[in-house]
Amino acid sequence: MGLHEKIEDIELEYRPVAGRIGAEILGVKLGGDLEARTVAAIRKALFKHKVIFFRDQHDLTDAQQEAFGKLLGNLVPHPTVPKIEGTESALNIVSDGTYAANQWHTDVTFVDAYPLASILRAVHLPPKGGDTVWANTAAAYEHLPVPLRELADKLWALHTNAFDYAAARPDASADRVKHHRNVFASTVYETEHPLVRVHPETGERTLLLGNFAQKIIGLNRDDSARLIAIFQDHITRLENTVRWHWALGDVAIWDNRATQHYGIGDFTERRELHRVTIDGDVPVGIDGTSSVTRRKEVKAPDLQHAAE
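What the sequence shown shows, in my numbering, is residues 105 to 412, in sequence order.
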């Protein structure tokens, strides 16, 4: 049995998954034909719980996943990684564990208007491992000690997809390093974001960091790394997180403006997830100043490494 919450004049049944983040929504069949009030209820549940889960969506196809996504907003493809053939914008996240995310991140923060939300569907799963963990960045800000909160309010960070992937992921294969260089970073973005953004739907303040945040504006890299580590440690405290064990037919939807997530690379067999992403808005800091992209540069192919 689940709990019931009346939203938009409908009773939405759900089960909380963790104390500060995450809820499983019961009795809803996802697709492009949902009633407007059901979609509105799902949006409100998403903003409240930060990540919501739906079991047994076995009949959902790529087309239906995209049709449902359009009910939440405009779809947006990944800025550098090719979409699944035959889809409008869906991304195939497939791995054997050797290149799972294994890093805390908020999706695509190297651009200014990074995604509002992502919808992730389990297509093929390994027999064990491959869980995903989400962290509530609003709760992390709320529970910061006051001196750290006051410091965070003043800081800005540079987010970029151009970083030393091999140094960040010393376990990565040569193929993954090459993929990062020639695909993921084929267009280099650098964007300045406030460390604390104001959520446009809830008014909450959320910490905006993750692995694309490479430097605190005005500080050198060593001081930046120390400060980033302090705030990241608060974001990923266990009480701010929820861990989801995937089953076929599962769908997860997360508020990308109030979460970070981590794909655990503890598996050795095929894991395939399809992701549809909803277009977002440019963050605004507590002083009303908006994020700004400082660099967008298409790189020439790295032919030397591409031939390796």
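The C-beta atom is built at its ideal place from N, Cα and C for all residues, glycine as well.
Collapsed DSSP secondary structure at residue 309 in the structure displayed: What you label residue 309 is simply residue 205 of the sequence shown in a count that begins at 1. Strand at residue 309.
Could you tell me whether the stretch 211-221 touches the stretch 361-381, where touching means 3 or more Cβ pairs closer than 8 Å? yes
Would the stretch 180-193 count as touching the stretch 307-321 if we require 3 or more Cβ pairs under 8 Å? no
Thinking just about the alpha-carbon of each residue, which of 393, 326 and 144 is nearest to the one in residue 172? To locate residue 172, count along the sequence shown from 1; it is residue 68. With distances taken between Cα atoms, residue 172 lies closest to 144.
Using beta-carbon positions only, say whether residue 121 and residue 157 come within less than 8 Å of one another. Translated into the one-based positions of the sequence shown, residue 121 becomes position 17. Translated into the one-based positions of the sequence shown, residue 157 becomes position 53. A contact, by the Cβ cut-off of 8 Å.
If residue 382 and residue 219 are in contact, beta carbons under 8 Å, what's the gap, nearest whole angstrom? Here residue 382 is taken as the residue at index 278 of the sequence shown, counted from 1. Here residue 219 is taken as the residue at index 115 of the sequence shown, counted from 1. Residue 382 to residue 219, Cβ: 6 Å. Contact.
Mapping DSSP to helix, strand and coil, what is residue 245? As a first step, residue 245 must be located in the sequence shown, where it is residue number 141. Helix, per DSSP.
Let me check one thing: in DSSP terms, what residues is residue 179 bridge-paired to? If you number the sequence shown from 1, residue 179 lands on position 75. BP columns for residue 179 point to 382.
Are the beta-carbon atoms belonging to residue 377 and residue 224 less than 8 Å from one another? Counting from one through the sequence shown, the residue named residue 377 turns up at place 273. Counting from one through the sequence shown, the residue named residue 224 turns up at place 120. Yes, these two residues count as a Cβ contact at 8 Å.
Should residue 298 go down as buried or exposed, given a rule of 16 or more other Cβ atoms within 10 Å for buried? Position 194 of the sequence shown, counting from 1, holds the residue named residue 298. Buried is the call here.
Just how far apart, CA to CA, sit residue 303 and residue 238? Numbered from its first residue, the sequence shown carries residue 303 at position 199. Numbered from its first residue, the sequence shown carries residue 238 at position 134. Whole-angstrom Cα-Cα distance: 17 Å.
Rank 140, 136 and 183 by C-alpha distance to the C-alpha of residue 292 and give the top, closest one. Position 188 of the sequence shown, counted from the first residue, corresponds to residue 292. Of the listed residues, the one whose Cα sits closest to residue 292 is 183.
Under three-state DSSP, which class holds residue 228? The sequence position of residue 228 within the sequence shown is 124, counting from 1. Residue state, collapsed to three classes: strand.
Would you tell me roughly how many angstroms separate the C-alpha atoms of residue 118 and residue 152, rounded to the nearest one? Walking along the sequence shown from the start, residue 118 turns up at place 14. Walking along the sequence shown from the start, residue 152 turns up at place 48. Distance between the alpha carbons of residue 118 and residue 152: 12 Å.
Cβ-Cβ distance between residue 311 and residue 244 below 8 Å: The residue labelled residue 311 in the question sits at position 207 within the sequence shown. The residue labelled residue 244 in the question sits at position 140 within the sequence shown. Yes, the pair counts as a contact, with Cβ atoms nearer than the cut-off.
For residue 345, which residues does DSSP report across the bridge? As a position in the sequence shown, residue 345 is number 241, starting the count at 1. In DSSP, residue 345 forms a bridge with 239.
So what does residue 367 bridge to, in DSSP terms? By 1-based counting over the sequence shown, the position of residue 367 is 263. For residue 367, which the question treats as bridged, DSSP gives the partners 236.
Could you give the distance in angstroms between the alpha-carbon of residue 295 and the alpha-carbon of residue 215? Residue mapping note: residue 295 aligns to position 191 of the sequence shown, counting from 1. Residue mapping note: residue 215 aligns to position 111 of the sequence shown, counting from 1. Near 6 Å, if we compare the C-alpha coordinates of residue 215 and residue 295.
Separation of residue 315 from residue 207, as counted between CA atoms: Your numbering for residue 207 matches position 103 in the sequence shown. Your numbering for residue 315 matches position 211 in the sequence shown. Answer to the nearest angstrom: the Cα atoms are 7 Å apart.
Do residue 125 and residue 116 have their C-beta atoms within less than 8 Å of each other? As a first step, residue 125 is located in the sequence shown; it is residue number 21 there, counting from the start. As a first step, residue 116 is located in the sequence shown; it is residue number 12 there, counting from the start. Taking 8 Å as the Cβ cut-off, residue 125 and residue 116 do not qualify as a contacting pair.
Give the straight-line distance between the Cα atoms of residue 396 and residue 333, rounded to the nearest whole angstrom. Here residue 396 refers to the residue found at position 292 of the sequence shown. Here residue 333 refers to the residue found at position 229 of the sequence shown. Using only the alpha carbons, I get a separation of about 23 Å.
Taking all protein chains shown into account, do 16 or more other C-beta atoms lie within 10 angstroms of the C-beta of residue 393, making it buried, or fewer, making it exposed? The residue given as residue 393 occupies position 289 in the sequence shown. Burial call: exposed.
When burial is assigned at 16 or more other CB atoms within 10 Å of the CB, is residue 147 buried or exposed? Reading the sequence shown from its first residue, position 43 is the one you call residue 147. With 16 or more other Cβ atoms within 10 Å, it is buried.
Is the separation between the beta-carbon of residue 424 and that of residue 380 shorter than 8 Å? Outside the displayed range of the chain (105 to 412) lies residue 424, so it cannot be described from this structure.
Determine the extent of the beta strand (DSSP E) in which residue 152 is found, giving its start and end residues. Translated into the one-based positions of the sequence shown, residue 152 becomes position 48. No beta strand (DSSP E) holds residue 152; the alpha helix (DSSP H) holding it covers 140-153.
Taking the CB atoms as reference points, tell me whether residue 248 and residue 352 lie closer together than 8 Å. The residue given as residue 248 occupies position 144 in the sequence shown. The residue given as residue 352 occupies position 248 in the sequence shown. Contact: no.
For residue 389, the residue or residues it bridges with in DSSP: As a first step, residue 389 must be located in the sequence shown, where it is residue number 285. In DSSP, residue 389 forms a bridge with 301.
Among 252, 136, 354 and 135, which residue has its Cα nearest to the Cα of residue 337? Reading the sequence shown from its first residue, position 233 is the one you call residue 337. Nearest C-alpha to residue 337: 252.
CB-CB length for residue 335 against residue 256, believed under 8 Å: As a working mapping, residue 335 is identified with position 231 in the sequence shown. As a working mapping, residue 256 is identified with position 152 in the sequence shown. Right, their Cβ atoms sit about 6 Å apart.
Tell me whether residue 332 sits in a helix, a strand or coil according to DSSP, three-state version. Numbered from its first residue, the sequence shown carries residue 332 at position 228. In the structure shown, residue 332 sits in a helix (DSSP, three-state: H, G or I).
Could you tell me if residue 178 is buried or exposed, where buried requires 16 or more neighbouring beta carbons within 10 angstroms of its beta carbon? Taking the sequence shown and counting its residues from 1, one reaches residue 178 at position 74. Residue 178 should be labelled exposed.
Could you check what DSSP says for residue 256 in three-state terms: helix, strand or coil? The residue you call residue 256 lines up with position 152 of the sequence shown. Here residue 256 sits in helix by DSSP.
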